[in-house]
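Taken in order, these protein sequences are the chains called A and B. Position one of the first sequence corresponds to residue 1301 (the working numbering), numbered consecutively onward. Position one of the second sequence corresponds to residue 903 (the working numbering), numbered consecutively onward. What follows is one structure encoded as structure tokens, with my remarks underneath.
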Amino acid sequence: MSESFSSPLTRRDFLSTSAKLGAFIAAAPYIARGAEVVAKADQLNVALIGCGEQGRILTNAALKIPGIRFKAVVDIWGYNRTYAERLLKKFGHDPKPYEDYRQMLAEVTDLDAVIIATPDFVHAEHTVAALKAGKHVYCEKLMSNTVEGARSMVHAARATKKLLQVGHQRRSNPRYRHAKDRIHLEGRLLGRITNIAGQWHRAVTDDYGFPNGQGIPEAKLNQYGFANMHEFRNWRWFKRYAGGPMSDLGAHQIDVYNWLLGCNPTMCIASGGVDYYKTHEWYDNAIAIFEFPTKEGTVRATYEVLTTTSAGGGYHEYFMGDEGALKISENPKYTKLYREARAPEWDKWVAQGIVASPTSGEGAPPAVKPWEKVGVKKLGGPAKASTVDVRETAALSAWDIPVTLDKAIHQPHLENFFDAIRLGTPLNCDGESAFATTVTILKINESIAAGKKLTFAPTDFLA
Amino acid sequence: MKFPEFPEFHHEAMATTFALVIADQSPDYARQAATACFRELDRLESELSRYVESSDIARANRLAFGETIGIGEDALHCLLLAADASLATDRAFDAAYASERAPAQPADTPLFTLDPAAHTLTSHTAQLHLDLGAIGKGYALDRLAAVLADWAITHACLHGGGSSVLALDAPAGQTGWPIGLGEGQHQRVLSLTRCALSGSGLAVQGEHLVDPRAQTSAQRRDRTWALAPGAGLSDALSTAFFIFNDAEVAAFCTAHPHVGAALAHADGKLVAHGALAALLA
């Protein structure tokens, strides 16, 4: 009764299932051949240091930007390095693989820029070396797991006069930029912001492992600063390599607090702990409170990162003002604007394209498919226009941000970096401003460890 | 799936629940491999779901006539598979069936084209509407099998939302994975290895299957199943078989002997063609 087919599926040949249909892909009418549109002069040569999950996300985003040519990939783990090399070759690139970034920087001399997606504790080492080698750098956040590491990156960028973009990619997201520039600063639709609440709630995840036979010898791991393979694969959870969930997840969102308000906090107090996981060092759940000294008055903010439950509404930043509120997220379904009843009508902002009437996000009706448009069932009963329901306070009216992110999530931030190299466009997140966020994040962990409120001096945020 | 002797792992993605059963491995190793699979699954959803704003498919659906975008490796290969399935089934399966075709546009011209070398997609309609709902879950199962292969795991059975099963090698000492097909007294249990079985019907999502050729709801009321070497293909073909009439299903299986079909009739009885005929004999 058993039915067998000849070959098991692998990454390399899974298309063979298609070929077995008998269709001839090359002759299919769906296939077209395009022309190369990027002039050689506009091409930027880049290398990737760190070919893990985040490196792959950045690679896939960069591949959608015209004129980017990967010349090298670097990773101490051959498994990841080979994967990146194969992926890039499918796109017509021919990157040289390296285990050691120093060898790569010495040998690949025609690089314009380096993209760094390694663990936090080596960001400073890799960034400073690349800057000193004369390359522009895009480095993943958090800048570093130490203030001194982050400061060294800013100093190196200053000294070399090379660009340093840090991967707080929301700053280049067109929806976030619209929210800050048009809704908050231009339209003042939120009125005076008094509070912020932010969160990232993530379900329990298992530790990462690795395929049999793919482990890195311990001596080599030690050479590159790792204790063992478990810590190498799960570095985000260990204090010597990273800053934990507040750094991995919270840094994106608390960076938005600083960025949208245009100032840094004066104090923070936080609570957290290793409450759930048995194999981690970093706090799995942490909650922080901040005070921000804006020109209009104090803004009190909370932020919580939970890694043991997906309940409670996902991830967003919620800016609350006396005339309106902005709930914003990289995920549009968690994004919405609310107008307080006391605020002026927003009709003129709708007319100007600053806000839109509700069409999507939480509470929106499901999209109607084309074949569902005909024969829609009509509800019976009298019209309700003349009746008034007396119940609880009406919900705030909800509005949308009429901006769509029509690219891979990290693509606009990479584009900004490449435009800065080519055209001199200002960076959306240079090392100086990312340094302030790094100081903020690291202080939260410090507050948890100290069990008390900590204050910031304005000079703390200066590198 | 219920295989109590082996560890089973679940993950929600693509608006359904995926399950992996991994045999002949330590539970810890199996769990680590499943974690790697589910990370890949989340990544695939972010690239293939039309509901994810920044996915390649959502971006394609916002293209104006003649516009071109760069797409990733998975969107390219899933769309190539979809294109092949569409051609082979004479558009009984068509991932772009809900697109708005201009009145003057011939029905046999594609609404989008792909440049595999450049990894680009070009729209040839004012409103492209790609929907990988009838192929994406199966494609994802094929990719998860590839991840398991990286982990040297070949004895496994993968399940995507109840509609597609990808059986890899059988557990040690067994001839195959027991997979149910049909309902009630007519249900049969097949023993499958290295192949995929997908089903289509109206029981779960109601009248969700549309005949791309007629642009109307499908005429068939009872379930269809497709057996194929890979889950992306079986997923697409089970939909096509639901759209085909019985004679078209039989003809397709004759032309493609490595593919199987099973059709439920109103009385619950099963009629099988091609590779499934021998299994259900």
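All residues carry an ideal CB built from backbone N, CA and C; glycine is no exception. Values in this document were obtained by computation on a predicted structure and should not be read as measured data.
Open item on the list: Assuming contact is defined by CB atoms lying nearer than 7 Å, are residue 1118 of chain B and residue 995 of chain B in contact in what I supplied?
Closed with: no
Open item on the list: Below 7 Å on C-beta distance, what does residue 1073 of chain B contact in chain C?
Closed with: You won't find chain C in this structure, because its protein chains are A and B.
Open item on the list: Quick check: the Cα distance between residue 1401 of chain A and residue 1546 of chain A, rounded to an integer number of angstroms?
Closed with: 28 Å
Open item on the list: So, for residue 1763 of chain A: in the same chain, excluding its five sequence neighbours on each side, which residues have a beta-carbon less than 8 Å away from its beta-carbon?
Closed with: 1450, 1451, 1454, 1455, 1731, 1732, 1735
Task: Short Cβ contact (7 Å threshold) for residue 1077 of chain B with residue 1102 of chain B - done: no
Task: Under 9 Å (Cβ pairs) to chain B, residues found in the stretch 1696–1719 of chain A - done: 1704, 1705, 1706, 1707, 1708, 1709, 1711
Task: residue 1411 of chain A vs residue 1512 of chain A beta-carbon contact at 7 Å - done: no
TODO: May I have the straight-line CA-CA distance separating residue 939 of chain B from residue 1530 of chain A, to the nearest angstrom?
DONE: 18 Å
TODO: Could you tell me whether any Cβ in chain A is nearer than 7 Å to the Cβ of residue 974 of chain B?
DONE: yes
- [ ] Identify which residue in B:1094, B:1151, B:1170, B:1169 has its Cα closest to the Cα of residue 1181 of chain B.
- [x] B:1094
- [ ] Let me know the secondary structure DSSP gives residue 1452 of chain A once reduced to three states.
- [x] helix
Open item on the list: Under 8 Å, CB to CB, which of the residues in the stretch 1016–1041 of chain B have a partner in chain A?
Closed with: 1016, 1017, 1018, 1019, 1020, 1021, 1022, 1024, 1031
Open item on the list: With three or more C-beta pairs closer than 8 Å as the rule, is the stretch 1511–1526 of chain A touching the stretch 1065–1076 of chain B?
Closed with: no
Open item on the list: For a quick check, are the C-beta atoms of residue 1582 of chain A and residue 1537 of chain A less than 7 Å apart?
Closed with: yes
TODO: Check the C-beta distance from residue 1437 of chain A over to residue 1414 of chain A and give it rounded, since I have them as a contact under 8 Å.
DONE: 5 Å
Open item on the list: Less than 7 Å between C-beta atoms, sequence neighbours within five positions excluded: which residues of the same chain meet that for residue 1580 of chain A?
Closed with: 1537, 1574
Task: Neighbourhood of residue 1206 of chain B by C-beta, 6 Å cutoff - its chain only, sequence neighbours within 5 removed - done: The requested residue 1206 of chain B does not occur in the structure, where chain B is confined to residues 903 to 1183.
Open item on the list: Contact criterion: CB-CB distance below 7 Å. Does residue 1089 of chain B meet it with respect to chain A?
Closed with: no
- [ ] List the endpoints of the continuous alpha helix (DSSP H) containing residue 1474 of chain A.
- [x] 1474–1478
Open item on the list: For residue 1445 of chain A, count the other beta carbons within 10 Å of its own beta carbon; 16 or more makes it buried, fewer makes it exposed. Which is it?
Closed with: buried
TODO: Identify which residue in B:1000, B:1073, B:968 has its Cα closest to the Cα of residue 908 of chain B.
DONE: B:1073
TODO: Please determine if the stretch 1593–1608 of chain A and the stretch 1489–1506 of chain A are in contact, where contact requires at least 3 C-beta pairs separated by less than 8 Å.
DONE: yes
Open item on the list: Against residue 956 of chain B, what residues of chain A qualify as contacts under a CB-to-CB distance less than 7 Å, listed in chain order?
Closed with: 1705, 1707, 1708, 1709
- [ ] Using 10 angstroms around the beta-carbon of residue 957 of chain B, count the other beta-carbons present and answer buried if the total reaches 16, otherwise exposed.
- [x] buried
Task: residue 928 of chain B classed as buried or exposed, judged by whether at least 16 other C-beta atoms fall within 10 angstroms - done: exposed
- [ ] Answer yes if the stretch 1547–1557 of chain A comes into contact with the stretch 1738–1751 of chain A, meaning at least three C-beta pairs across the two stretches below 8 Å, and no otherwise.
- [x] yes
TODO: Using 6 Å as the cut-off, classify the Cβ of residue 971 of chain B as near or not near the heavy atoms of the ligand ATP, replying yes or no.
DONE: By its list of ligands, the structure shown contains no ligand whatsoever, and the ligand ATP lies outside what it can speak to.
TODO: Please state whether DSSP places residue 1031 of chain B in a helix, a strand or coil.
DONE: coil
Open item on the list: So for residue 1750 of chain A, helix, strand or coil by DSSP?
Closed with: helix
TODO: Run down chain A in chain order and give the residues with a C-beta less than 7 Å from the C-beta of residue 1012 of chain B.
DONE: 1329, 1330
Open item on the list: Beta-carbon within less than 8 Å of residue 1671 of chain A's beta-carbon, same chain only, minus the 5 sequence neighbours each way: which residues are those?
Closed with: The predicted position of residue 1671 of chain A is uncertain, since its pLDDT is 40 and thus under 50; no value can be drawn from it.
Task: Neighbouring residues, chain B, relative to residue 1392 of chain A (Cβ below 9 Å) - done: 1019, 1020, 1021
- [ ] Could you tell me the distance, in whole angstroms, from the CA atom of residue 1143 of chain B to the CA atom of residue 1092 of chain B?
- [x] 19 Å
Open item on the list: Can you check whether the C-beta of residue 1461 of chain A is within less than 7 Å of a C-beta belonging to chain B?
Closed with: no
Task: Contact under 7 Å by Cβ, residue 1569 of chain A with residue 1589 of chain A - done: yes
- [ ] Would you mind telling me which residues of chain A sit closer than 8 Å to residue 919 of chain B, beta carbon to beta carbon, in chain order?
- [x] By Cβ distance, chain A contributes nothing, its closest Cβ being about 14 Å from residue 919 of chain B, past 8 Å.
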